[in-house]
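Below you'll find the structure, written out as structure tokens, and then a few comments.
Chains as they are written, first to last, in the numbering used here: chain A, 43 to 323; chain B, 20 to 97.
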């Protein structure tokens, strides 16, 4: 390979878990390129050859701020991960935008991180990730700060006929109702999280979505990922469906996504720390 | 309206994916890996960009502490 091209790395698997060349044949990556394995010491990294002009550090930094580019890259990255894990192989997704100059660099990484990668593959083997988000839908719990809504469930505006004391009283009552609703929703989210945690090997809590990222529904009260054994998947999704059915009674709505490759757990040590993004020590 | 709804759904599923690709995944040293700080910056820019489809552009990644009662189980358990 000449220096006009770089290798974009998608994922690490075990050699024996790697799909054959035929399975990769139709697969394309972030630059529409074909995807191939680089094998070393019993591990495989899936890479694609990409133009340096689009994927060197400066180009990447600029591209990653372009939502359209990022969406295309993220979906291509996911496509490769999904294709490789479809056969049941354990796949460690690499973080977006991990780039090497050549195969020597990829092999060096496999050698340097051999023990940690092997341990992560052992730990995650046979597991998938499910995502669960819980949103408040009850009118009382619509936190004004989160929705930015000026209409709706807020306290009534003071009218000429209302005394100052009545106004303050009605505001206090509305605030109390808000707090009561929010407390009930948090309680419901905790209950859902506890029930699902009991069926999971590990969990990870993401910060709740704020503002418009919470979506058209209300305040995001839980945004979590659960690592679940493949054979327990049915039990987990049935439990989630059951909880989703009961959720409206508590003023919340449950949304399930997955199964995902174990993105949220691949980079974590075995402690199950719910905090974000640390690398394997 | 339906079109807007689909766009929002699509954006939100992108946020789900990016949460995983930028905050998850194995971090290994590439020859040209962006530093974690850069990735975090990207995440902030990106969330601002995505949320700018609405009028309100809140800061989506304000410092946030997991509720103790939620995390104690994992910390104690695993």
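We put the beta carbon where it would ideally sit given N, CA and C, even for glycine.
Small disclaimer: the values here were computed from a predicted structure and weren't measured.
Hey, residue 57 of chain A and residue 78 of chain A are a contact pair by Cβ (cut 8 angstroms); roughly how many whole angstroms apart?
Actually they do not touch by this definition, with Cβ atoms about 14 angstroms apart.
I need the straight-line Cα distance from residue 306 of chain A to residue 162 of chain A, nearest angstrom please.
Cα to Cα, the separation comes out at about 12 angstroms.
Would you kindly check if the distance between the Cβ of residue 110 of chain A and the Cβ of residue 138 of chain A is under 9 angstroms?
In terms of Cβ geometry, residue 138 of chain A and residue 110 of chain A do not form a close pair [threshold 9 angstroms].
For a quick check, are the C-beta atoms of residue 54 of chain A and residue 75 of chain A less than 9 angstroms apart?
No, Cβ-Cβ distance for residue 54 of chain A and residue 75 of chain A is not below 9 angstroms.
Chain-order list of residues whose beta-carbon lies under 6 angstroms from that of residue 232 of chain A (same chain, five-residue window excluded)
The answer is none, since no qualifying residue turns up.
Helix, strand or coil: how does DSSP classify residue 129 of chain A here?
Assignment of residue 129 of chain A by DSSP, reduced to helix, strand and coil, places it in the coil class.
Exposed unless 16 or more other CB atoms sit within 10 angstroms - verdict on residue 37 of chain B
Around the beta carbon of residue 37 of chain B, a 10 Å sphere encloses 16 or more other beta carbons of the protein chains shown; the residue is thus reported as buried.
Okay, do the region 270-277 of chain A and the region 208-225 of chain A touch, 3+ Cβ pairs below 8 angstroms being the bar?
Not touching, per the Cβ criterion.
Can you tell me the Cα-Cα spacing of residue 183 of chain A and residue 289 of chain A, whole angstroms?
Low confidence applies here, because residue 183 of chain A scores a pLDDT of 40, under 50, leaving its location unreliable and the question unanswered by this model.
Mind checking whether residue 229 of chain A and residue 164 of chain A have CB atoms under 9 angstroms apart?
In this structure, residue 229 of chain A keeps its C-beta atom at 9 angstroms or more from the C-beta atom of residue 164 of chain A.
So which residues on chain B does residue 82 of chain A lean against when the C-beta distance must stay under 7 angstroms?
Ordered by position in chain B, no residue passes the 7 angstroms Cβ test against residue 82 of chain A, which lies about 13 angstroms from the chain.
Does the pairing of the region 128-147 of chain A with the region 38-49 of chain B give three or more beta-carbon distances under 8 angstroms?
Cβ pair count under 8 angstroms is three or more, so yes.
In the DSSP assignment, what residue or residues form a beta bridge with residue 53 of chain A?
According to DSSP, residue 53 of chain A bridges with A/88 and A/135.
With a threshold of 9 angstroms between beta-carbons, can residue 299 of chain A be considered close to chain B, or not?
Yes, residue 299 of chain A lies at the interface with chain B (some Cβ there is under 9 angstroms from its Cβ).
Have a look at residue 130 of chain A and residue 72 of chain A and give me their C-alpha separation to the nearest angstrom.
Between residue 130 of chain A and residue 72 of chain A, the C-alpha separation is close to 23 angstroms.
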